[in-house]
Amino acid sequence: MKSKNRSIFIISFLVLPLIHLIIFSYVPIIGNFVLSLTNWKGFGDIQFIGMRNYQRMFTNTEYIKMFKNCGWYFLAAIPQLIFALLLAVVINGKFRGLNVFKGILIIPYLLNGVIISTIFIIFFNNGGSLNAILEWLHLDGLKHQWLQDLKLVNPAIASISIWRYYGMNFIMFFGALQAIPTELFEAATLDGCTKWQEIRYISIPFIRKVLFINILLSVSGSIQVFEIPYIMMNGSNGTGTPVIMIQQSMSTNRVGFAAALSVMVFVIVLIVVGLQKLLVKED
Amino acid sequence: MSNETKLYKVIRYVFLIAACIFVIIPLVPLIFMAFKTGAEYSSTSVLEPPKNFLNTYNFAYAIRVGKLGRAFIYTAIILTISLFFQVTMTAMVAYVLHRFDFMFKKAVKIMFTLTMFIPVVATQNLIFRMMYAVGLVNTMWSVIILYSGVGIVGIYIMLNQLDNISREIDEAAMIDGAGYYYTFLHIIFPLMKPACTTMIIINGIGLYNDFYIPNLYLNRDVQTFTVALYKFFGSMSTPFEIVAAAIIIGMIPIMIVFIFLQKYIYNGLAGSVKM
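Residue numbers (the numbering used here), protein chains in the order written: chain Y, 36 to 318; chain R, 205 to 479.
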């Protein structure tokens, strides 16, 4: 009797979350694989067309460019991670103004995509702050139409992700550093370790795992870029990304093609995660 | 005692102040702009402060025309219901996984973990069709249902908390004749309050700021604040100084969180890393 009650209890606590999980995560992923082989419009008959959606994705230069655009966001992640790591290392200690710095540095992490897009339209616009600052510094030669110039627009808006996302990396690095036992630092000081040696031989090795997680998050994040180019540019001027394309295909009822794009994004994320497993095992 | 040399201290301050300037510079023109009149905006540089910092015309206009008040209410309803389900269901899953051994326990854990690798954007194509078929698109229920799932990060926050709640408490309750449900609801769940708080704050910020899901599912009369701001901003007819004021209004709830709950954000996110 008791074990029956126990089973009922366990099942009753798991059933809703598991149903949610299956309907909203597993069914769509498997469904997308099937739909990506069709030209379904969202209504009417489903017609299988083999790999034609994928063929189109890989032969049309417009679509290839969208995947290439993700490269800019990946590049932006490099200074972003270095900046976040340096910040976490120097802020890890006790000094005057610590809480003020922590407070200001967390602001970008708290803002949403619409707010950040508006802020950076004001920043990059022709009469915007970046050009005004360059003029003030007498660097008129560097002034550009940042959002209209087809060569500059992608690096410009990709650089926004440094400002937007460094905060999350910083908080994670900082948390990892705080978890290092203080005795280690005390012992190092007693042994006459300099601050630089301490950072090099204690702090950095200790947070390697978190550093690695953050690199992977950045890579899988850059394939899923959506908000900033969508809100700021609506994907125009060659700023489209795969997710913007998914959105546009969905709204024009090209369900089959949207499914193929979704599968592509999913596969790339899986490859990144797989690489992580491989590299971690080598450690 | 410290091994921080004077040089290191100077470098630290220089670096931190530079970082703060990097954060603040893009924000300043926005704040200036929100207080400028239309004529002032078109005739002055974005770096020039407004003549009158008490000019609240833009704010009043934004609230009136942008229907921001209504969007705030919808956001509050969506957040409250979603967070309620998220937190209670996550606590339930974590409790069962932590305290009981059962068949398929490993499989259940793996199923929750794997979702971490399924990008939300790669699933909505089909989910949108499902929601459309049952008539939930353009109602707040589509968003609430999508938000009410159990995430692996939340599970880990709860599991960490359960590590610190002695099993003897459960056993004592059971010996006293309490059933499984009573034990969880009246004894263990109240003890999990700190983990629930952390989850509410971290996930609350995430949901408040989410754009992708509400933009996809809510389009006409029902809007979250983020989407309302976007519609406002996307309509070319809105003067930019009004948009700036609306944006500042959108930042207020976040700034309140920032002032009062900063500690939880640092500790909560750091805690989820230790998993």
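Every residue, glycine too, gets a C-beta built ideally from N, C-alpha and C.
- Could you check the C-alpha separation between residue 390 of chain R and residue 384 of chain R for me, to the nearest Å? 10 Å
- Item | Segments of 4+ residues assigned as alpha helix (DSSP H) that fall wholly inside the region 149-229 of chain Y | 164-171, 188-213, 217-225
- Message: residue 418 of chain R and residue 402 of chain R - do their beta-carbons sit closer together than 8 Å?
- Response: no
- For the region 75-86 of chain Y against the region 310-320 of chain R, are there 3 or more C-beta pairs whose distance is under 8 Å? no
- Rounded C-beta distance between residue 67 of chain Y and residue 294 of chain Y? I'm assuming under 8 Å. 4 Å
- Message: Rounded to the nearest angstrom, what separates residue 263 of chain Y and residue 148 of chain Y at their Cα positions?
- Response: 6 Å
- Looking at the unbroken alpha helix (DSSP H) that takes in residue 137 of chain Y, where does it start and where does it end? 133-140
- With contact counted as at least three CB pairs below 8 Å, one residue from each stretch, are the region 157-171 of chain Y and the region 224-244 of chain Y in contact? no
- So, does the CB of residue 398 of chain R fall closer than 8 Å to a CB anywhere in chain Y? no
- Item | residue 401 of chain R - DSSP class collapsed to helix/strand/coil | helix
- Contact set for residue 156 of chain Y: own chain, Cβ-Cβ below 8 Å, skip 5 residues either direction: 163, 182, 267
- Task: Give the DSSP-derived three-state secondary structure of residue 263 of chain R in the structure shown.
- Result: helix
- Query: Under a Cβ-count criterion, where at least 16 other Cβ atoms within 10 Å of its own Cβ denotes burial, should residue 425 of chain R be classed as buried or exposed?
  - Reply: exposed
- Task: Compute the minimum distance between the beta carbon of residue 308 of chain Y and the heavy atoms of the ligand FMN, and state whether it is under 7 Å.
- Result: Summarising the ligand content, the structure contains no ligands, and the ligand FMN is consequently not present.
- Task: Sort out for me which residues DSSP pairs residue 73 of chain Y with in a bridge.
- Result: Y/83
- Short CB-CB distance (under 8 Å) between residue 481 of chain R and chain Y: In the structure as shown, chain R begins at 205 and stops at 479. Residue 481 of chain R is therefore absent and cannot be evaluated.
- Task: Look at residue 220 of chain Y and residue 233 of chain Y and say whether their C-beta atoms are less than 8 Å apart.
- Result: yes
- Could you give the C-beta distance for residue 297 of chain R and residue 45 of chain Y, rounded to a whole number, given that I count them as a contact under 8 Å? Contact flag wrong, Cβ pair sits at about 10 Å.
- Between which two residues does the alpha helix (DSSP H) harbouring residue 292 of chain R extend? 272-303
- Item | Spatially closest choice to residue 99 of chain Y from Y/280, Y/198, Y/309, by CA coordinates | Y/280
- Could you give the C-beta distance for residue 361 of chain R and residue 399 of chain R, rounded to a whole number, given that I count them as a contact under 8 Å? 5 Å
- Against chain A: residues of the region 293-310 of chain Y by CB proximity under 7 Å: Although the question refers to chain A, the structure presented lacks it and instead comprises the protein chains Y and R.
- Message: Three or more C-beta pairs under 8 Å: does that hold for the region 134-141 of chain Y against the region 251-259 of chain Y?
- Response: no
- Message: Under 8 Å, Cβ to Cβ, is there at least one residue of chain R near residue 280 of chain Y?
- Response: no
- Message: 8 Å is my cut-off, CB to CB: does residue 205 of chain R come that close to chain Y?
- Response: Its pLDDT being 48, under 50, residue 205 of chain R is placed unreliably in this model, and the value from its coordinates should be taken loosely. By this cut-off, residue 205 of chain R is an interface position.
- Taking Cβ positions only, does residue 228 of chain Y come closer than 8 Å to chain R? yes
- Locate the alpha helix (DSSP H) running through residue 367 of chain R, then write down its first and last residues. 356-367
- Query: I think residue 111 of chain Y touches residue 204 of chain Y, with their Cβ atoms under 8 Å apart; what is that distance to the nearest whole Å?
  - Reply: Between residue 204 of chain Y and residue 111 of chain Y the Cβ distance is about 12 Å, and since that is not below 8 Å, they are no contact.
- Item | Spatial distance of residue 276 of chain R from residue 150 of chain Y (CA atoms) | 15 Å
- Message: Using only the alpha-carbon positions, how far apart do residue 352 of chain R and residue 337 of chain R sit?
- Response: 20 Å
- Check the Cβ-Cβ distances between residue 121 of chain Y and every residue of chain R, and say whether any is below 8 Å. yes
- Message: Rounding to the nearest angstrom, what Cα-Cα distance links residue 397 of chain R and residue 366 of chain R in this structure?
- Response: 11 Å
- Task: Taking all protein chains shown into account, decide if residue 245 of chain R is buried (16 or more other Cβ within 10 angstroms of its Cβ) or exposed.
- Result: buried
- Return the CA-CA distance between residue 434 of chain R and residue 411 of chain R, expressed in angstroms with no decimal places. 16 Å
- DSSP three-state call for residue 348 of chain R: helix, strand or coil? helix
- Message: Using a 10 Å radius around the Cβ and a threshold of 16 neighbouring Cβ atoms, would you call residue 356 of chain R buried or exposed?
- Response: buried
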